[in-house]
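Chemist: Quick note: the sequence shown uses our numbering, first residue 8, plus one each step.
No residue lacks a Cβ here, since even glycine has one placed at the ideal position from N, Cα and C.
Below you'll find the structure I mean.
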Amino acid sequence: MPALKGKRNPLAQIVWREILSPFLSLYSTRICPLCHREHQLGLLCLSCLRRLRSFRLRLPIEPEALKPPSPVTSSWACLRYEGPVRELVLGYKFHRRYPLLRLLSWIFNQKLRELLPKLRIGLLVPISTPALRRLLRTTDMPSDLARHASRSLKIPFQACLSRPLLPPRQLGKPRKERLALGKEAFRLRTPPKSPRLLLIDDVLTTGATVKAAAEVLRQAGAKEIHVLTLAYADPATSP
Ligand SMILES: [Zn+2]
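Pasting the structure below:
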């Protein structure tokens, strides 16, 4: 068939683009997990790395629920929760692309290393995923990030908080409702071993969940609570 000469089979192209290449990208350091093209770097191809850099956040963030007076001393985020950042976070969180943790931890640890001289942090505390959701997703991103950071930066890690089996869902709820939620979402499991904490979350939106966690930790003796989240979804700019 002369019309097809020089063209690849469209079905084969779809299978490559949608199934084989994303699958290979999980287990090969030569295939970029974002664009699925071959590359020579370790974690991402150069153009995706550059693209990701444009989503970096340098200044502290000011989520609505954490405006003063707040139990949180300062809040920081690595990246804006948009485009490729969203894709990477959702890939790990919901689609079991486990090897992405290496890349996400690398981004997170870089930011934490940058903040350490500014903030005096004695302990890493994750905002862990509620048990039932953890079971369904099979990942607990805040705890995974905290554990990796603890190992690579030699800062102690402590899961101080516990959460009910299934707290109310925040996604898709109006902002006012999201701000009111989260009050009873945390219980103290063990008191923090240091008064200077870094609370770790994966994606932060209004900050209501972090605020509820920080209030519990304050009551348990924490004097300074900083927050670092991998991504920040600013409700003013995101739907
Ligand atoms: Zn790429």
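(1) Assuming Pro-133 and Ile-207 make a contact with CB atoms under 8 Å, what is their CB distance in whole Å?
(2) What is the rounded straight-line gap between the Cα of Gly-129 and the Cα of Glu-94?
(3) Around ligand 3, what residues have a beta-carbon under 5 Å from a heavy atom of it, in chain order?
(4) Give the DSSP-derived three-state secondary structure of Ser-61 in the structure shown.
(5) Tell me the DSSP secondary structure of Ile-162 in three-state form.
(6) My understanding is that Arg-140 touches Ser-169, with C-beta atoms under 8 Å, so please give their C-beta distance in whole angstroms.
(7) Which residues does DSSP list as the beta-bridge partners of Thr-236?
(8) Within the same chain, show all residues whose beta-carbon is closer than 8 Å to that of Ser-6, passing over the 5 residues directly before and after it, in chain order.
(9) At the level of alpha carbons, what is the spacing between Leu-160 and Arg-120?
(10) Under three-state DSSP, which class holds Ile-134?
(11) Hey, quick one: how far does the alpha helix (DSSP H) through Ser-112 stretch, first residue to last?
(12) For Tyr-239, which residues in the same chain have their Cβ closer than 7 Å to its Cβ, ignoring the five residues on either side in sequence?
(13) Count the other CB atoms, across all protein chains shown, that sit within 10 Å of the CB of His-233; report buried if there are 16 or more and exposed otherwise.
(14) Going by alpha carbons, who is nearest to Leu-50 out of Leu-59, Leu-110, Lys-100 and Thr-213?
(15) Could you please give the first and the last residue of the uninterrupted alpha helix (DSSP H) stretch that includes Leu-95?
Modeler: Let's see:
(1) 5 Å
(2) 32 Å
(3) This structure lacks ligand 3; its bound ligands are ligand 1.
(4) In this structure, Ser-61 counts as coil in the three-state DSSP scheme.
(5) coil
(6) Actually they are not in contact, since the Cβ atoms of Arg-140 and Ser-169 sit about 14 Å apart, beyond 8 Å.
(7) Its beta-bridge partners are Ala-84 and Asp-208.
(8) Within the shown structure, residues of the chain are numbered from 8 to 246, placing residue 6 beyond reach of any answer.
(9) 8 Å
(10) coil
(11) 107–122
(12) Leu-64, Ile-68, Ala-84, Arg-87, Tyr-88 and Leu-211
(13) buried
(14) Ranked by how close their Cα comes to the Cα of Leu-50, the residues Leu-59, Leu-110, Lys-100 and Thr-213 have Leu-110 in first place.
(15) 90–101
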